[in-house]
Amino acid sequence: MPIRLADRAAATSVSGIRKMFEIARTMKNPVNLAIGQPDFPVPPAVKIAAQNAIAADHNAYTPTAGCPELLAALHCALPQYEKEQIMVTSAVSGGLVLAYLALLNPGDEILLPDPYFVMYKQLALLLGARPVFVDTYPDFGLHPERWEAAITPRTRALVLGNPANPTGAAYAEDDLRALAELARRHRLVLIYDAIYETFSYDAPFVNVADFYREGTLFLGGFSKSHAMTGWRVGYAAGPLELLQTMAKFQQFTFVCAPAPLQDAALTALHKPLTGVAADYRSRRDLLYQGLLDAGYQVEKPQGAFYIFPQVPWGTATEFVDECLKRELMVVAGNVFSERDTHFRISYATSPAQLERGLALLRELKVKS
Ligand code: PLP
27 MPIRLADRAA ATSVSGIRKM FEIARTMKNP VNLAIGQPDF PVPPAVKIAA
77 QNAIAADHNA YTPTAGCPEL LAALHCALPQ YEKEQIMVTS AVSGGLVLAY
127 LALLNPGDEI LLPDPYFVMY KQLALLLGAR PVFVDTYPDF GLHPERWEAA
177 ITPRTRALVL GNPANPTGAA YAEDDLRALA ELARRHRLVL IYDAIYETFS
227 YDAPFVNVAD FYREGTLFLG GFSKSHAMTG WRVGYAAGPL ELLQTMAKFQ
277 QFTFVCAPAP LQDAALTALH KPLTGVAADY RSRRDLLYQG LLDAGYQVEK
327 PQGAFYIFPQ VPWGTATEFV DECLKRELMV VAGNVFSERD THFRISYATS
377 PAQLERGLAL LRELKVKS
């Protein structure tokens with residue numbers, strides 16, 4: 027029987043990254059620089075906390091807003107907000123879903139940087155809202171004046187990741203202040219995705235909520251900081267009315283984040299991983315220098331674990347197809363952008379793999 031799907035099934039497309047991983051399954055020894063998660067294991071203390079929580083029968087539903095102990099610890103970490111302005115979410119993705127549901131009517135507009143994290147665009151399309159792209163090429167800076175120019179009477183919110191995926195940009199404090207100021211002036215909610223907070227290499231992480239607490243929805247998580255991508259725990263902090271609406275929607279969707287893993291997240295919160303940022307910074311340096319030496323046009327990223335060079339020839343899709351023929355996995359820019367001119371490399375892998383990747387990229391610099 028043909029199934030009649032809702033119109034929104036056609037409004038979104040399968041992630042280009044997923045398609046590539048299917049192709050890669052046929053490869054013998056690929057150089058995988060397409061990875062979107064850290065390459066270290068969950069720290070032992072955090073694993074033990076999860077095991078202990080399960081053994082101690084912390085396996086039932088938690089309150090919708092999250093385990094009180096975790097909420098109390100999050101409140102200490104986010105003193106800008108009152109306790110009831112914080113909730114635990116099913117990772118940052120869960121927070122984004124709830125925020126978009128709470129803020130956007132069909133036809134409303136949400137501003138996002140181009141390049142963007144794929145979900146920022148696709149969620150808007152799912153809800154019949156309109157993603158409006160703020161071009162950040164070629165330097166991937168914030169350019170607050172471009173955001174201002176994109177605001178219309180239908181604009182409801184802005185969404186920004188800092189540090190950013192896929193560019194690795196970490197924005198200057200002055201620019202973040204200016205963005206917060208214009209969001210305040212236009213009474214817009216600023217959804218601030220801080221999932222890569224701990225991967226800030228050249229300057230301390232800046233929290234926009236420090237400049238615009240009353241309108242910033244702060245989204246944080248453990249997926250990247252503690253390699254807990256499969257555990258689905260994150261948190262949201264923001265204006266009370268928005269948080270209450272998100273919690274109401276959580277009741278009817280995710281119900282709660284996984285109970286024992288909230289206990290583990292509490293341990294993770296108390297045990298930040300100190301060596302990782304230095305390690306990833308040196309991989310960033312290796313890759314950036316290697317690309318420059320090979321003649322690629324590339325901006326130096328300051329955070330996350332991605333770099334976003336320009337393709338040396340053709341479209342990004344053509345270039346990435348050629349990479350795949352040589353068993354090099356990178357992601358074409360049009361997965362994250364309205365343009366198809368750049369490609370994303372992840373350095374969440376060993377320096378040896380990065381060297382293998384760089385050797386292939388040197389060969390691929392010239393069209394064969
Ligand atoms: N935000 C950004 C910018 C990301 O890159 C990702 C994952 O790649 C997410 C959110 C989703 O993270 P989570 O695992 O917490 O849902």
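Per the numbering used here, residue 27 is the first one in the sequence shown, and the count goes up by one each step. Glycine included, every Cβ here is placed at the ideal spot set by N, Cα and C.
Beta bridge counterpart(s) of residue i as assigned by DSSP
| i | result |
| --- | --- |
| Asn58 | Met355 |
| Val346 | DSSP output for Val346 lists no bridge partner at all. |
| Met113 | Ala262 |
| Ser363 | For Ser363, which the question treats as bridged, DSSP gives no partner whatsoever. |
| His368 | Gln336 |
| Arg156 | Glu135 |
| Tyr218 | Leu186 and Phe244 |
| Thr181 | Glu135 |
| Gly329 | Ser226 |
| Asp140 | Asp161 |
Residue of the options minimising C-alpha distance to residue i
| i | options | result |
| --- | --- | --- |
| Leu214 | Val281, Leu245 and Leu129 | Leu129 |
| Glu389 | Leu317, Ile29, Gly329 and Ala378 | Leu317 |
| Ala262 | Gln336, Met254, Arg239 and Ile112 | Ile112 |
| Ala229 | Ala198, Tyr222 and Gly246 | Ala198 |
| Met254 | Met27, Ile80, Glu110 and Ala117 | Ala117 |
| Asp201 | Thr341, Arg172 and Gln106 | Arg172 |
| Val158 | Ala176, Asp165, Leu152 and Val144 | Ala176 |
| Ala99 | Leu292, Gln336, Leu350 and His368 | Leu292 |
| Gly187 | Gly246, Tyr107, Cys282 and Leu152 | Gly246 |
| Pro179 | Ala190, Ile136 and Lys147 | Ile136 |
| Pro164 | Phe362, Val324 and Leu31 | Val324 |
| Ser226 | Leu216, Lys250 and Arg239 | Lys250 |
| Pro189 | Asp219, His169, Gly121 and Ile74 | Asp219 |
| Gly383 | Thr367, Leu350 and His368 | Leu350 |
| Pro64 | Leu386, Ala342 and Tyr332 | Tyr332 |
| Ala283 | Pro265, Glu267 and Phe248 | Phe248 |
| Thr242 | Glu381, Gly264 and Leu151 | Gly264 |
| Phe334 | Leu127, Pro170 and Pro192 | Pro192 |
| Gln270 | Lys45, Arg30 and Glu110 | Glu110 |
| Leu381 | Leu266, Leu59, Glu207 and Arg44 | The amino acid at residue 381 is misidentified as Leu; the sequence shows Glu. It is Leu59. |
| Leu208 | Thr224, His169 and Ala196 | His169 |
| Gln106 | Ala294, Leu266, Gln148 and Cys93 | Leu266 |
| Leu386 | Val361, Ser363 and Val346 | Val346 |
| His84 | Ala290, Ala304 and Ala150 | Ala290 |
| Ala36 | Ile61, Leu151, Met145 and His252 | Leu151 |
| Gly121 | Leu268, Val361 and Ala294 | Leu268 |
| Thr162 | Met46, Phe47 and Tyr142 | Tyr142 |
| Ala206 | Thr224, Ala196 and Leu184 | Leu184 |
| Lys274 | Val40, Leu127, Glu174 and Thr52 | Leu127 |
Cβ-Cβ separation, residue j to residue i (assumed contact under 8 Å), whole Å
| i | j | result |
| --- | --- | --- |
| Ala155 | Asp140 | Their Cβ separation, rounded to whole angstroms, is 16 Å, which puts Ala155 and Asp140 out of contact at 8 Å. |
| Glu344 | Val57 | Actually they are not in contact, since the Cβ atoms of Glu344 and Val57 sit about 19 Å apart, beyond 8 Å. |
| Phe237 | Arg203 | 5 Å |
| Val356 | Arg365 | Not a contact, Cβ separation roughly 16 Å. |
| Leu312 | Pro377 | 6 Å |
| Lys391 | Gly321 | 6 Å |
| Val302 | Phe66 | 7 Å |
| Val160 | Leu138 | 7 Å |
| Thr88 | Ala285 | 5 Å |
| Val68 | Gln288 | Actually they are not in contact, since the Cβ atoms of Val68 and Gln288 sit about 15 Å apart, beyond 8 Å. |
| Tyr306 | Tyr373 | 7 Å |
| Ala91 | Ile217 | Contact flag wrong, Cβ pair sits at about 18 Å. |
| Gly359 | Gly194 | About 14 Å separates the two Cβ atoms, so there is no contact after all. |
| Val337 | His368 | 7 Å |
| Leu104 | Phe244 | 7 Å |
| Ile49 | Val361 | Their Cβ separation, rounded to whole angstroms, is 14 Å, which puts Ile49 and Val361 out of contact at 8 Å. |
| His252 | Ala294 | 4 Å |
Burial state of residue i, where buried means 16 or more other Cβ atoms lie within 10 Å
| i | result |
| --- | --- |
| Gln77 | exposed |
| Ser119 | buried |
| Cys102 | exposed |
| Trp339 | exposed |
| Leu153 | buried |
| Pro132 | exposed |
| Pro28 | exposed |
| Phe278 | exposed |
| Gly256 | exposed |
| Val234 | buried |
| Ala86 | exposed |
| Gln315 | exposed |
| Thr181 | buried |
| Leu31 | exposed |
| Thr375 | buried |
| Val281 | exposed |
| Arg310 | buried |
| Pro2 | Residue coverage of the chain in this structure runs from 27 to 394, which leaves residue 2 outside it and unanswerable. |
| Ile396 | Here the chain comprises residues numbered 27 to 394, so residue 396 is not present and cannot be evaluated. |
Interface flag, residue i vs chain B, CB-CB below 8 Å
| i | result |
| --- | --- |
| Arg365 | Absence of chain B from the displayed structure is noted, only one protein chain being present. |
TODO: Please list, following the chain, all residues that have a C-beta closer than 6 Å to any non-hydrogen atom of the ligand PLP.
DONE: Gly62, Ala117, Val118, Ser119, Phe143, Gly187, Asn191, Asp219, Ile221, Gly247, Ser249, Thr255 and Gly260
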